[in-house]
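Only one structure is covered here, and it is reproduced in the block below.
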Amino acid sequence: MPTPEQSPTPQPKAKKDLYLQLEPFVRPYVRHHFDVNVQGLDNIPDGPAFFLSNHVMAQDSVIFASAFTQHTGRPIRFGAKMEYFDGRGIDGLGKRGRLTKWAMEHTGQFPVDRDGDDPRAFMRLQANMKEAVERGDSIGLYPEGTRNKEFLQDHKMHKFQSGAGRIALSLGIPIVPYAHVYTTHSNERRIDADVIIGEPIMPEVYLGEPIKHLPNKLKAEYLMQMVENRVADLGGLHQSGVFALRQTVRLPGKK
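With the first letter of the sequence shown counted as 1, position 40 gets the number 40 in my numbering; the numbers rise by one all the way through.
Right, here's the structure in full:
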C-alpha cells in the first residue's frame, strides 16, 4: 500500500460531462481540415478497451474520437498533456488556453504530467483511467510521450514508453493498437488522414506466457514493444528505436 505521502491527492469535482453533446460539433471541423479514411472499425471491442497509437498532430485525438464515437455511440477518454489543463494551451504559451482547458474538463480527458516531477501524478492518471473503465468507457494514450513533428518528412515513430504498459497490466482490458498516417498535397488545403485500427491484444495474451514470468518492469517494457511493433506494421512506419526528446515551455511566472 502507498504511504499517505505517496497516495494520489484528491481530484477536484468533475465538471459536467458534455462529451456526447459536443462531439457532433467536432465533425464539421474534422471534415473541413482532413480527408479521413478509417480502416478496421470492426476491431473495436464492444466493451472498454485501451487504445494506443503513434502521435503526430494535436488533432489525433479529435480525429480518432470522432470516428470512434460515430461508430460506437460511446465516448473515449484520452490522456493529454498537462498544458491543456493549466492554461498553457496548444503551444505551451497560452494559445487557446481557456478554450482548451474548458474542453478538456468538460469531455472527461485526463491530465498527464510528462515532466515526471510529481511521483503521484502517474498514480492519479492510473486511478482516473481505472475509474473511467469501471464506468464502461474506453481510454487512449500516446506511448511516445509527445508528438513527432517530423512525421510528414520521415514517417518515423519514437520508442514507446513503458508507463502505458504499467497501466494496461493493472487494468486487464483489451489493448487496441492503431496508427495515424498523414499525407499532405501541395495543391490541396486538406490533409489526408488515415487511421488504421488493428486487432485487439487480449488480456489472456499479454497477461499469459511468456510475459507473466517477467518482473513487473520488464512486463511493461515487453508489452509496449509488442504494441509498438504492431502500430508500426499497421501504418508502415519506421521505428527510430529511441525515446522522444521534447522541450518544456512554461508560462511567465510559472515554475
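Note that the Cβ used here is the ideal one computed from N, Cα and C, for glycine as well.
Closest in alpha carbon position to serine 53, among Phe25, Asn37, Leu141 and Ile167, is Leu141. Secondary structure note for lysine 81: its beta strand (DSSP E) is the uninterrupted segment 76 to 81. Contact between the region 219 to 226 and the region 161 to 171 is present: 3 or more CB-CB pairs across the two stretches fall below 8 Å. Taken atom to atom, the span from the alpha-carbon of threonine 72 to that of glutamine 109 is near 18 Å. Rounded to whole angstroms, glutamine 59 and arginine 135 show a C-alpha spacing of 25 Å. The straight-line gap separating the alpha-carbon atoms of glycine 47 and isoleucine 201 is approximately 14 Å. One thing to note: tyrosine 178 has its Cβ no nearer than 7 Å to the Cβ of valine 56. Secondary structure of asparagine 216 (DSSP, three-state): helix. In the DSSP assignment, tyrosine 206 falls within the unbroken alpha helix (DSSP H) covering 203 to 206.
Taking all protein chains in view, the Cβ of phenylalanine 34 is crowded by 16 or more other Cβ atoms within 10 Å, so the residue is classified as buried.
In the pairwise beta carbon analysis, the region 201 to 220 is classified as not touching the region 124 to 135: fewer than three pairs are separated by under 8 Å. For serine 66, the uninterrupted alpha helix (DSSP H) segment begins and ends at 60 to 72. Annotated as proximal: proline 174 and alanine 49, with beta-carbon spacing under 7 Å. DSSP places isoleucine 167 within a helical segment (H, G or I) once states are collapsed to three. Comparing C-alpha distances from aspartate 233 to each of Leu22, Val133, Asn148 and His155 shows the shortest one belongs to His155. The straight-line gap separating the alpha-carbon atoms of tyrosine 19 and glycine 87 is approximately 20 Å. Close CB contacts of alanine 193 within its chain, under the 6 Å cut and outside five residues either way in sequence, are with Phe34, Val36, Ile63 and Tyr182 (chain order).
If you check the CB distance, leucine 237 and methionine 123 do not come in under 7 Å.
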